[in-house]
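S.K.: Numbered as in the working numbering, the first sequence ends at 913 without a single skipped number.
Questions regarding the structure given below will be posed in turn.
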Amino acid sequence: MKDYNFKEIEKKWQKYWEDTNYGISADSSNKPKFYSLIEFPYPSGSGLHVGHCMMYSATDAHARMMRLKGYNVMFPMGWDAFGLPTENYAIKNKIKPQVATAKNVETFIRQQKSLGYSFDWNREINTTDPDYYKWTQWIFLQFYKHALIGGKLVEVDDDDTTTPRLAYRAEMPVNWCPSCKIILANEEVINGKCERCGTGSLKRVQKQWMLRITAYADKLIDGLSTVDYEEKIKTQQINWIGKSVGTNIIFDVKGRSGTIHDEEIEVFTTRADTLYGCTYVVLAPEHPLVTKLGHHVQNFEEVSEYISETKKKSDLERTELQKDKTGVKLYGVFAINPINGQEVDIYVADYVLASYGTGAVMAVPAHDDRDFEFAKKYGISTVQSITDKLDNILTLDKAYTDYGFLIDSAEFSGLSSSEGKKAITEKLKAKRLGDFAVNYKLRDWIFSRQHYWGEPIPIIHCDKCGMVPIPEDQLPLTLPDVENYEPTDDGQSPLAAITDWVETTCPVCGCKARRETDTMPNWAGSSWYFIAYAISQKLKVEGQKQSGNIFDDNKDLLDYWMPVDLYNGGNEHITLHLLYSRFWNIFLHDLGVVPSSEPYAKRINHGIILGPDGQKMSKSKGNVINPDEMAAQYGADTLRTYMMFIGPYNQDSAWSMAGIQGVFRFLRRVWGNIEKVSGVADSKELLLKLNQTILGVTEDLEKFQMNTVVSKLMELNNTIEKVGAISLESYSKFLRLLFVTAPHIASELWELAGLDGNIGSGSWPEVDSRYLVADQIDVVIQINGKVRGKISVSPNTPKESLEKLAFASDKIQPYLNDKEIVKIIVIPDKLVSIVVK
RNA sequence: GCCCGGGUGGUGAAAUGGUAUACACGUUAGCCUUAGGAGCUAAUGCGGGAAACCGCGUGGAGGUUCAAGUCCUCUCCCGGGCACCA
Numbered sequence: 077m078k079d080y081n082f083k084e085i086e087k088k089w090q091k092y093w094e095d096t097n098y099g100i101s102a103d104s105s106n107k108p109k110f111y112s113l114i115e116f117p118y119p120s121g122s123g124l125h126v127g128h129c130m131m132y133s134a135t136d137a138h139a140r141m142m143r144l145k146g147y148n149v150m151f152p153m154g155w156d157a158f159g160l161p162t163e164n165y166a167i168k169n170k171i172k173p174q175v176a177t178a179k180n181v182e183t184f185i186r187q188q189k190s191l192g193y194s195f196d197w198n199r200e201i202n203t204t205d206p207d208y209y210k211w212t213q214w215i216f217l218q219f220y221k222h223a224l225i226g227g228k229l230v231e232v233d234d235d236d237t238t239t240p241r242l243a244y245r246a247e248m249p250v251n252w253c254p255s256c257k258i259i260l261a262n263e264e265v266i267n268g269k270c271e272r273c274g275t276g277s278l279k280r281v282q283k284q285w286m287l288r289i290t291a292y293a294d295k296l297i298d299g300l301s302t303v304d305y306e307e308k309i310k311t312q313q314i315n316w317i318g319k320s321v322g323t324n325i326i327f328d329v330k331g332r333s334g335t336i337h338d339e340e341i342e343v344f345t346t347r348a349d350t351l352y353g354c355t356y357v358v359l360a361p362e363h364p365l366v367t368k369l370g371h372h373v374q375n376f377e378e379v380s381e382y383i384s385e386t387k388k389k390s391d392l393e394r395t396e397l398q399k400d401k402t403g404v405k406l407y408g409v410f411a412i413n414p415i416n417g418q419e420v421d422i423y424v425a426d427y428v429l430a431s432y433g434t435g436a437v438m439a440v441p442a443h444d445d446r447d448f449e450f451a452k453k454y455g456i457s458t459v460q461s462i463t464d465k466l467d468n469i470l471t472l473d474k475a476y477t478d479y480g481f482l483i484d485s486a487e488f489s490g491l492s493s494s495e496g497k498k499a500i501t502e503k504l505k506a507k508r509l510g511d512f513a514v515n516y517k518l519r520d521w522i523f524s525r526q527h528y529w530g531e532p533i534p535i536i537h538c539d540k541c542g543m544v545p546i547p548e549d550q551l552p553l554t555l556p557d558v559e560n561y562e563p564t565d566d567g568q569s570p571l572a573a574i575t576d577w578v579e580t581t582c583p584v585c586g587c588k589a590r591r592e593t594d595t596m597p598n599w600a601g602s603s604w605y606f607i608a609y610a611i612s613q614k615l616k617v618e619g620q621k622q623s624g625n626i627f628d629d630n631k632d633l634l635d636y637w638m639p640v641d642l643y644n645g646g647n648e649h650i651t652l653h654l655l656y657s658r659f660w661n662i663f664l665h666d667l668g669v670v671p672s673s674e675p676y677a678k679r680i681n682h683g684i685i686l687g688p689d690g691q692k693m694s695k696s697k698g699n700v701i702n703p704d705e706m707a708a709q710y711g712a713d714t715l716r717t718y719m720m721f722i723g724p725y726n727q728d729s730a731w732s733m734a735g736i737q738g739v740f741r742f743l744r745r746v747w748g749n750i751e752k753v754s755g756v757a758d759s760k761e762l763l764l765k766l767n768q769t770i771l772g773v774t775e776d777l778e779k780f781q782m783n784t785v786v787s788k789l790m791e792l793n794n795t796i797e798k799v800g801a802i803s804l805e806s807y808s809k810f811l812r813l814l815f816v817t818a819p820h821i822a823s824e825l826w827e828l829a830g831l832d833g834n835i836g837s838g839s840w841p842e843v844d845s846r847y848l849v850a851d852q853i854d855v856v857i858q859i860n861g862k863v864r865g866k867i868s869v870s871p872n873t874p875k876e877s878l879e880k881l882a883f884a885s886d887k888i889q890p891y892l893n894d895k896e897i898v899k900i901i902v903i904p905d906k907l908v909s910i911v912v913k
């Protein structure tokens, strides 16, 4: 027997798979389809990370099983290639981002192929490819051309400026780095500081493109009940959307000389039942009413100063110092509590957020911790009066925020909190001073970036016609070649400096006009790539010629492939990417271009591979494991199998050199064990273990319990060694199981054993339940719950016999002497449990 | 503060309420070898004992059950997410 020469074997089979199109899926088939999606990588300059290998190894194993089980499996790969690191690299090294991307992609493909992953290379996509981003732009235009009214999509005319389009422009506070003089994406702000230079980022108001994801908030919540995601993912998404149901309440505003007409304060509350306890009203510093009240406010100077102080605070300061609430009372003006006509004070305080609800709240210190704290600090209501009101329910140091029954609330007293909310809101509604209202924490999605390396937003600004979408048959709007990728000083995209690109003519009136110079965020291309795989050949072949819409033209493909059956990815994408891409898919479904409302039927998350020191891998810590080096030392099969064996799939695991060494030993022993293949009939012990392994490995692969898949294969190999012989038929089953984790060695051994055809075109082994039962089974005898003996019996021995055999056992006699037998429980094939007194 | 995970040998970890510690690493002893960071065999939860065996053991305290790592109540610790969201 030759040595296990993994280098030679792996090269041979990788070529074979390439030559025979292993992994290439058909667009039509009489087999059932299975769409297995993994998050496509950002092709960074540092190449494949072992974390990628962990996800690829596990999903590749699963895909191989599904193929053997007779599915037409789509297991595609592509490149999420727009993004800042490439742009920064381009700036630094004076290399075109297009060139850098192509080089990185080449490296990724080489690495992936060298590990034998069975991706469908015919479907490769790249978000930076104009054939691809043509359709990213097309989808953007559909957002621009549509609005969601009453849950239904409606088309919006080009000159309509009032209907709320799903893509719109708005003045938005953005993160501004005063040192780099650029606008930062949220992802570039780490703990309130610029990722590049560490300077604290400031808020700056600028016109931004927005996607109205909030219009889809309810659909995004409701859709979760139809998909198979871990509970953790669902709750995280629901929390992120943050739906809260409550009441909007209108307080009239009164000055020294009576009611100030036309001015009112609208607050949002989830606790309308506590309205009688309202002692003051608070406005966010950014609330427009504050400046409007102007001369009515006696201490307006003090108030203005407070507001400008707030503006100077960074996000970090405003949130980190949350315990220390600040604010200013507006002297000379009052708000009228609409339920009882009571005058209450008005404050401005930055613990109230302009961006949530109405930017104003009613304060009920007795029933809200934040109001309580603020009231205590500014002596607004005495603690004594709160306790009086609450009939001693309240302890002196905190608000009573639980539900209960209303007191001191006129005709509403005695109602439960939930009854009270409803009754009070109904009364306000009748007086036209309030109504039921829903709010979301979710904000609309800031969809523009002032960078070069992204999809250009296909809009033209015309002085006469306003914003005009580029006609769809003129897409894609491609990125121009530029010399300089640096953002400009005033926070504009580098595209703004390319005059001959910016200057264009209006598609409507033909006048001189300017192109939009912002680009899309790198979440854009990844929000529909799972759809693109199904039609990827069409993107390449017809992308430029297509005049209609590629989705409608290829409805049959989308109907066949969608939705994704299994989506595999990282925990870091549970909120943003998963939410964004669900949003796009639901929108496209509403538009009628994709068949299913939800894009992913099932989602599985993987953990992170940590360095050998248990720390997150990083160059600076020097604990980075390079997959190329590992594959060179131990082979692709060992690396793949170890990546599955390293620990529970959805849990973080630390790399271990001893661990990969152990897996290598396993494969080398498997290699040698081909000598145990014989013409002799299999022992019952081997048949039992083999069938247990088929059953267990199948179940574990389906559940992505990859570590036990490997341990079960090891157990079977141990049994082969122990028994010393295995029939060719049984061996072929073992190899097919092994094929999913270590496909190269399994293919080679298949050939060496002289088995027919190729292992990959066979079928998944079936369990023969005749062999699942052992000849003899150990049945445990328990006395008072403790194991005191064992009897070896044949399976299905009747209860009565088991009981007799148990009492006949010498082992247990000492425990029965002089004891009264209270109870006997017999579980066939398991145990006899005797209770004595 | 709120919402998720998770605490099991020396280590990574297994266990449809039914023999806790499979599998792997490590360790120890022996074999083989010129040699081994190679291979093979055996042992390996802790305490006691020459052994048979006994006692104790899944973060802690209770509970349900003939039987609990697993179910229930309370509690401690670790990791992650959200966080002044009214």
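Built from N, CA and C at the ideal position, the CB exists for glycine as well.
Report yes or no: do three or more beta-carbon pairs, one from the stretch 160 to 178 and one from the stretch 127 to 142, lie closer than 8 angstroms?
M.R.: As far as the Cβ criterion goes, the stretch 160 to 178 does not touch the stretch 127 to 142, which means the pair count is below three.
S.K.: If we ignore side chains and look at the alpha-carbon of each, how far apart do residue 616 and residue 111 end up?
M.R.: Each residue's Cα considered, the two are about 21 angstroms apart.
S.K.: According to DSSP, what are the bridge partners of residue 858?
M.R.: Paired residues: 863 and 909.
S.K.: Taking contact to mean at least 3 C-beta pairs separated by less than 8 angstroms, is the stretch 165 to 172 in contact with the stretch 95 to 105?
M.R.: At 8 angstroms Cβ cutoff, the stretches do not touch.
S.K.: Can you find the residues in the same chain that come closer than 7 angstroms, C-beta to C-beta, to residue 318, ignoring five residues on each side of it along the sequence?
M.R.: Taken in chain order, the residues that qualify are 516, 517 and 518.
S.K.: Between which residues of its own chain and residue 162 is the CB-CB distance below 7 angstroms, once the five residues before and five after are set aside?
M.R.: Once the five neighbours on either side are set aside, the close Cβ partners of residue 162 are 173, 176, 177 and 529.
S.K.: Please classify residue 852: does DSSP put it in a helix, a strand, or coil?
M.R.: In the structure shown, residue 852 sits in coil (DSSP, three-state: anything other than H, G, I, E or B).
S.K.: Shortest alpha-carbon distance to residue 789 belongs to which of 639, 721 and 851?
M.R.: Out of 639, 721 and 851, 721 has the C-alpha closest to the C-alpha of residue 789.
S.K.: Please classify residue 150 as buried or exposed, where buried requires at least 16 neighbouring CB atoms within 10 angstroms.
M.R.: Flag for residue 150 reads buried.
S.K.: Hey, which unbroken runs of the alpha helix (DSSP H) at 4 residues or more fall wholly within the stretch 118 to 175?
M.R.: Those alpha helix (DSSP H) runs which fall completely within the stretch 118 to 175 and span 4+ residues are 126 to 144 and 160 to 169.
S.K.: Out of 711, 511, 875 and 644, which one is the CA nearest neighbour of residue 304?
M.R.: Selected option, being the one with the closest Cα: 644.
S.K.: Just to confirm the assignment, what range does the beta strand (DSSP E) spanning residue 425 have?
M.R.: From DSSP, the beta strand (DSSP E) with residue 425 extends over 419 to 425.
S.K.: Residue 334 bridges to which residues according to DSSP?
M.R.: For residue 334, which the question treats as bridged, DSSP gives the partners 331.
S.K.: Can you tell me whether residue 460 is helix, strand or coil according to DSSP?
M.R.: Any answer about residue 460 is weak, because its pLDDT of 46 lies below 50 and its placement is not dependable; what the coordinates show is given next. DSSP places residue 460 in helix when its eight states are reduced to three.
S.K.: Please name the residue, chosen from 238, 875 and 257, that lies closest to residue 907 on a Cα-to-Cα basis.
M.R.: Nearest C-alpha to residue 907: 875.
S.K.: In whole angstroms, give me the CA-to-CA distance for residue 536 and residue 289.
M.R.: The alpha-carbon atoms of residue 536 and residue 289 are separated by roughly 23 angstroms.
S.K.: Name the residue from 726, 718 and 724 whose alpha carbon lies nearest to the alpha carbon of residue 732.
M.R.: The candidate whose alpha carbon is nearest that of residue 732 is 718.
S.K.: Quick one, which of 301, 258, 245 and 273 has its alpha-carbon nearest residue 283's?
M.R.: Here the closest residue by C-alpha is 245.
S.K.: What I want to know is whether the C-beta of residue 303 ends up closer than 6 angstroms to one or more non-hydrogen atoms of the ligand PLP.
M.R.: Inclusion of the ligand PLP in the displayed structure is not the case, the ligand content being empty and no account of it being possible.
S.K.: Could you check if residue 321 is buried or exposed, using at least 16 other CB atoms within 10 Å of its CB as the buried criterion?
M.R.: Looking at its Cβ environment, which holds fewer than 16 other Cβ atoms inside 10 Å, residue 321 is exposed.
S.K.: If we require 4 or more residues per run, which alpha helix (DSSP H) segments fall completely within the stretch 577 to 635?
M.R.: The stretch 577 to 635 contains these whole alpha helix (DSSP H) runs: 605 to 608, 612 to 618 and 626 to 629.
S.K.: For residue 413, which three-state DSSP category applies?
M.R.: The answer is coil: DSSP assigns residue 413 none of H, G, I, E or B.
S.K.: For residue 818, I'd like the list of residues in its chain whose CB is within less than 7 angstroms of its CB, leaving aside the five on either flank, ordered along the chain.
M.R.: If we look at residue 818 and ignore the five residues flanking it on each side, its Cβ neighbours are 713, 716, 717 and 743.
S.K.: Looking at the secondary structure, which residues open and close the alpha helix (DSSP H) in which residue 293 lies?
M.R.: Run containing residue 293: 293 to 298, per the alpha helix (DSSP H) assignment.
S.K.: Tell me which same chain residues have a C-beta within less than 7 angstroms of the C-beta of residue 799, skipping the five on either side of it?
M.R.: Only 759, 761 and 762 meet the Cβ criterion.
S.K.: Please list, in chain order, all residues of the same chain as residue 511 whose beta carbon is under 6 angstroms from its beta carbon, the five residues on each side excluded.
M.R.: Result list for residue 511: 324 and 505, in chain order.
S.K.: Leaving aside the five residues before and after residue 113 along the sequence, list all residues of the same chain whose C-beta is less than 6 angstroms from its C-beta, in chain order.
M.R.: Taken in chain order, the residues that qualify are 606, 640 and 643.
S.K.: Return the residue from the list 404, 566 and 746 that minimises the CA-CA distance to residue 379.
M.R.: Selected option, being the one with the closest Cα: 404.
S.K.: Is the beta carbon of residue 424 sitting closer than 7 angstroms to the one on residue 359?
M.R.: Their beta carbons are under 7 angstroms apart, which means residue 424 touches residue 359 by this criterion.
S.K.: Have a look at residue 85 and residue 132 and give me their C-alpha separation to the nearest angstrom.
M.R.: Straight-line Cα distance between these residues: approximately 20 angstroms.
S.K.: Less than 8 angstroms between the CB atoms is what I'm expecting for residue 357 and residue 407, so what's the real figure, rounded?
M.R.: Not quite, the Cβ-Cβ distance comes to about 14 angstroms (not below 8 angstroms), so this is no contact.
S.K.: How is residue 725 classed by DSSP in three states: helix, strand or coil?
M.R.: Reduced to three states, the DSSP call for residue 725 is coil.
S.K.: Between residue 118 and residue 154, is the Cβ-Cβ spacing less than 7 angstroms?
M.R.: For residue 118 and residue 154, no; Cβs fall outside 7 angstroms.
S.K.: Using a Cβ-Cβ cutoff of less than 8 angstroms, which residues in the same chain neighbour residue 829 once the five nearest sequence positions on both sides are dropped?
M.R.: Closer than 8 angstroms at the Cβ level, and outside the excluded window around residue 829, lie 750, 753, 804, 807, 808 and 811.
S.K.: What residue range is occupied by the uninterrupted alpha helix (DSSP H) comprising residue 766?
M.R.: Its alpha helix (DSSP H) spans residues 760 to 778.
S.K.: By Cβ distance, which residues of its chain are closer than 8 angstroms to residue 858, with the 5 residues on each side in sequence left out?
M.R.: Excluding sequence neighbours, residue 858 sits near 864, 907, 908, 909 and 910.
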